[in-house]
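The structure appears right after this line, and notes come after that.
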Amino acid sequence: MRLELRNKKETYSMAVRGWAAAFLVVCAALAPVAIVAQWNPPNPVVSFEKQANGLEIHQKGGVLKFEVDAPDVLHVTYAPLDAKQTTSSSDHVVIKTDWPAANFDVSENDKAITLTTGKLKVAIERESGSIHYQGADGKQLTTDTYRMLHPAEVNGEQTYHAEVAFGIYGSHEGFYGLGQHQAGVWNYRGETVDLSQENTEIAVPLLVSTNGYGIFWNNPSRSVVNNRFVHWLYMSGEVADRVDYYFFYGPDADQIIGHYRELTGEVPLFGRWAYGFWQCKNKYQSQAEIEGVAAKYRALHIPVDNIVQDWFWWVTMGEMKWNSKYPDPQGMINKLHDEHFHLMVSVWPYFRPGSTTYDEFDKNGWFVAKTLSGGFHPLGQALYDATNNDARKKYWENINTALYQKGVDAWWLDTDEPETEGKQENILLDHKLAIGSGARYANIFPLFHTGGVSEGQQAASDKKRVFILSRSGYAGVQRYGVTAWSGDVLSDWVTFARQIPAGLNYSISGNPYWTTDIGGFISGGNLNDPKFRELFVRWFQFGTFSPIFRVHGTRYPDENELWSYGPDAQKILVDYDNLRYRLLPYIYSEAWQVTSNHGTLMRPLVMDWRNDVEAQNTGDEYLFGPAILVSPVTTQGATSRTTYLPKATWYDFWTGAKVEGGKRIEADAPLAKLPLYVRAGSIVPMGPTMEWSTEKPADPIEIRVYPGADGDFTFYEDENDKYDYANGQHATIKLHWDDTAKTLAFAAREGSYPGMAEKHTFNVVVVSDGRGVGIADSTAQARGVIYKGDRLVLRP
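Residue numbers (UniProt numbering): 1 to 796.
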């Protein structure tokens, strides 16, 4: 058998994948490891040595190393016997290399050498070299049956193709993560996934298993994860000096994600405005148009925080200079700020001939490829080398001078896979980068590109938190304040439905911020077509419960504002916009959990019900934060949808009706209603209605308590922007619902920040049928209390 990379015209062979592999599939269920041992070239253990931080094993064919970074984190490498390179080609991704010493033991018998930590037991068979991973409780997790390095020449470099085969245990084991992919697949059991950057495809090499482990494939070249043979999971990379992966033990996904972020970078908190509503389309053509749209939003009192200027606002691509349709950019930015708008501007990594900026980058050799044929310009265009330190710094310097210093608030880094410009293959593959072969680093461009902008802005000022919207991503981009969006997707129901598993897999890959073009981007949508209006409303409802909430797309006629869809649709859209703003205290508090506690805002059900087979295979609904189950409607004309409620007690958000879970129900879903259910034991703070995120103090706060289980929630506040929060200038209030005593306890406030309100009015309502439901304020049904920072217990 030969492994084909979808974007590569040639193929490269992988050993032990021919007719023998087909035979293995038939026999695998009987004795997976033993059968592979028969067909795999023997690679016995020759010797081993316990080291200060792990274990080194010399096999007949190579050197296997285990670095014990933590009791539940192992760094596993396998290199040729004569290997000279001691660093990984992915050290730009992994930023934590200094770990506190972890206790572990090494023992041996005539069958195996065993490494034991407080969380894992790893046995290496002497005869075959297979690695058996077990939990401390003895549960079999997986087996690294063999690892291979096949000599190869790629892009003029003598290197290896790397491959590992893992044995799979249990018929219900599910696989998730690996970034964002558009095939509509949620559970990757039995599937093959190419890890290769494209428009709409984002490679993040973290695999999460319901068996309690995660594997981070530490290789930025194009790679493949192949589970088509359902008892075997193959991971392979096109360019490698060694097999290199991290093995994480959870057993839950939150813990695996925590390990991933500890390894590749924690997630900063966005400014509060970023969690509000964003207005965008393809594209605003002038200063007058942007100013007019902003003014109309404020005149109609429709909530919005951000307006976006898409591509070709410039004179020449690469030169940060507004064209003549924007006669006074500084005045425009000032006016938007005065009206409480933020402004995001699209910038690309491409340059066209005809500017001094192009000439400077060309003279300094800062382009990866020049005069690309096809694409968007007959003269072609050049991609800058984001891995070149000087080029990356100059790129930010140009943005800083032309845009940031004038007040632009956020960055839309488009086409940064990078865009293939009419070619099937990634343009890096046959070029050289400052850090090495483009094939070796084929997936890493978005990390360097977003990193340069993020680090540049933070060096320029700490008064405004970085926000980057990127069409691509890679492991580690989360540390740079990056939200990925799902790319230039079609405006149809099939594509809409596929966005949900795409976003869920991206989220469980450790990257918590993600969004879509609400309504789709390509092929547009006719605003006068009732069918398209329905699609837009349903997509907008989904967007309300996405981490970042933004409309975008190509429309006919050329409008995309909430009033563009007719009065009936507008009412529904504005209702959900208002709901988003009412939920900002909940969303911002959960964003703090993302930053401080490895949280995930858009939570696939498998994260909370790992052993529930129905939850494992449900990829079209999810939890938004810990409390709210979201069940998007993705079928045209539907007035209901089948919704799976995992085992718990649930409340219909709209009616307060109580429903016992552990089953599928038929949820009522007329056009104006997105099925939403809230888990018993949840505490959901809701703020006042407002037109932008900081229009009013976050007060009074309605606290909805959903009885039936004990519950906890941490209410978070800070200055809403700047980086002082990272230096301890923030405040939290821990809330606890005691379901037996029917009391809500407010702990003493922890922390403070400049301008903090000394007291809060909390209106507490215990949800039941018709009580504390829907979008409207429930103060009339609530019990109010003035909280001044001291512990307080309330029986609502």
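The C-beta atom is built at its ideal place from N, Cα and C for all residues, glycine as well.
Rounded C-alpha distance that separates residue i from residue j
i, j, result
"Ala569", "Ala731", "39 angstroms"
"Lys370", "Arg471", "22 angstroms"
"Trp493", "Tyr556", "18 angstroms"
"Pro700", "Ala101", "48 angstroms"
"Thr779", "Val785", "11 angstroms"
"Trp99", "Ala165", "28 angstroms"
"Met148", "Val243", "8 angstroms"
"Tyr716", "Ser589", "5 angstroms"
"Leu433", "Gly452", "16 angstroms"
"Asp652", "Asp390", "55 angstroms"
"Ala79", "Ala253", "30 angstroms"
"Val368", "Arg603", "38 angstroms"
"Tyr249", "Asp72", "5 angstroms"
"Ile775", "Trp692", "17 angstroms"
"Val304", "Trp217", "40 angstroms"
"Leu792", "Glu702", "16 angstroms"
"Thr145", "Pro41", "12 angstroms"
"Thr640", "Glu666", "Here residue 640 is Ser; the residue named in the question, Thr, does not match the sequence. Rounded to whole angstroms, Ser640 to Glu666 spans 6 angstroms at the Cα level."
"Ala410", "Phe467", "5 angstroms"
"Asp110", "Ile124", "11 angstroms"
"Thr264", "Val93", "6 angstroms"
"Asn364", "Ser221", "26 angstroms"
8 angstroms contact criterion, which residue i and residue j should meet: CB distance rounded
i, j, result
"Ser491", "Ser523", "5 angstroms"
"Gly625", "Tyr586", "6 angstroms"
"Tyr213", "Leu141", "5 angstroms"
"Leu81", "Gly62", "6 angstroms"
"Gly473", "Ser486", "Not a contact, Cβ separation roughly 11 angstroms."
"Asn400", "Trp366", "Actually they are not in contact, since the Cβ atoms of Asn400 and Trp366 sit about 17 angstroms apart, beyond 8 angstroms."
"Phe247", "Tyr133", "6 angstroms"
"Arg261", "Asn227", "Wrong, their Cβ atoms sit about 25 angstroms apart, outside the cutoff."
"Trp592", "Gly681", "No, Trp592 and Gly681 are not in contact; Cβ-Cβ is about 20 angstroms, not under 8 angstroms."
"Asn443", "Leu120", "So it is not a contact: roughly 28 angstroms between Cβ atoms."
"Ala745", "Leu735", "7 angstroms"
Close Cβ partners of residue i (< 8 angstroms) along its chain, the five nearest in sequence each way excluded
i, result
"Trp314", "Met320, Lys321, Trp322, Asn323"
"Asp430", "Asn155, Gly438, Ala439"
"Lys759", "Ile786, Tyr787, Lys788, Gly789"
Sequence-distant residues of its chain with Cβ nearer than 6 angstroms to residue i (five each side left out)
i, result
"Lys65", "Glu56, Thr77"
"Pro268", "Gly481"
"Leu629", "Leu623, Tyr677"
"Trp232", "Ala165"
"Leu573", "Phe540, Leu562"
"Ala782", "Asn763, Val764, Val765"
"Pro552", "The sequence given here places His at residue 552; Pro does not occur at that position. Cβ neighbours of His552 beyond the five flanking positions: Cys280, Asp517."
"Gly770", "Gly656"
"Ser546", "Thr515"
Neighbourhood of residue i by C-beta, 7 angstroms cutoff - its chain only, sequence neighbours within 5 removed
i, result
"Met332", "Gln287, Ile290, Glu291, Tyr326"
"Ser355", "Thr316, Gly318, Glu319"
"Glu660", "Thr649"
"Tyr576", "Phe540, Gln541, Thr544"
"Ile202", "Gly179, Gln180, Ser472, Gly473, Ala484, Tyr506"
"Glu127", "Pro44"
Spatially closest choice to residue i from the options, by CA coordinates
i, options, result
"Thr495", "Tyr441, Thr516, Pro42, Ile733", "Thr516"
"Asp171", "Gln158, Asn219, Val230, Asn199", "The sequence shown places Ser at residue 171, rather than the Asp named in the question. Checked all of Gln158, Asn219, Val230, Asn199; the closest Cα to Ser171 is Val230."
"Leu671", "Lys531, Thr357, Thr689", "Lys531"
"Gln499", "Thr420, Thr634, Ile435", "Thr634"
"Val767", "Lys658, Gln457, Ile256, Gly566", "Lys658"
"Ser509", "Gly476, Asp529, Ala497, Leu535", "Gly476"
"Tyr725", "Thr618, Ser47, Arg272, Ser693", "Arg272"
"residue 855", "Ala136, Asp712, Lys722, Asp777", "Nothing about residue 855 can be read from this structure; the chain reaches only from 1 to 796."
"Gln103", "Lys111, Pro205, Gly118, Val93", "The amino acid at residue 103 is misidentified as Gln; the sequence shows Asn. Closest by alpha carbon: Gly118."
"Ile733", "Asn526, Thr554, Asp718", "Asp718"
"Gly687", "Gly662, Met756, Leu584, Val94", "Leu584"
"Thr643", "Val537, Gly265, Glu614, Trp654", "Glu614"
"Ser461", "Glu417, Pro446, Val408", "Val408"
"Asp488", "Leu794, Gly599, Thr415, Arg664", "Thr415"
> Where are the beta strand (DSSP E) runs, 3 residues long or more, that stay fully inside the segment 70 to 133, in chain order?
Replying inline: 73 to 79, 105 to 108, 112 to 116, 120 to 125
> Residue ranges of each beta strand (DSSP E) run of no fewer than 3 residues wholly in the segment 215 to 257, ordered along the chain?
Replying inline: 223 to 226, 232 to 240, 243 to 249
> Taking only runs of the alpha helix (DSSP H) that begin and end inside the segment 736 to 779, which ones reach a length of at least 4 residues, in chain order?
Replying inline: none
>> What ranges does the alpha helix (DSSP H) occupy inside the segment 566 to 602, keeping only unbroken runs of at least 4 residues that lie completely in it?
In response: 567 to 582, 584 to 597
>> What ranges does the beta strand (DSSP E) occupy inside the segment 432 to 509, keeping only unbroken runs of at least 3 residues that lie completely in it?
In response: 468 to 470, 482 to 485
>> Could you tell me which whole beta strand (DSSP E) segments of length 3 or greater appear in the segment 168 to 220?
In response: 175 to 180, 192 to 195, 202 to 209, 213 to 217
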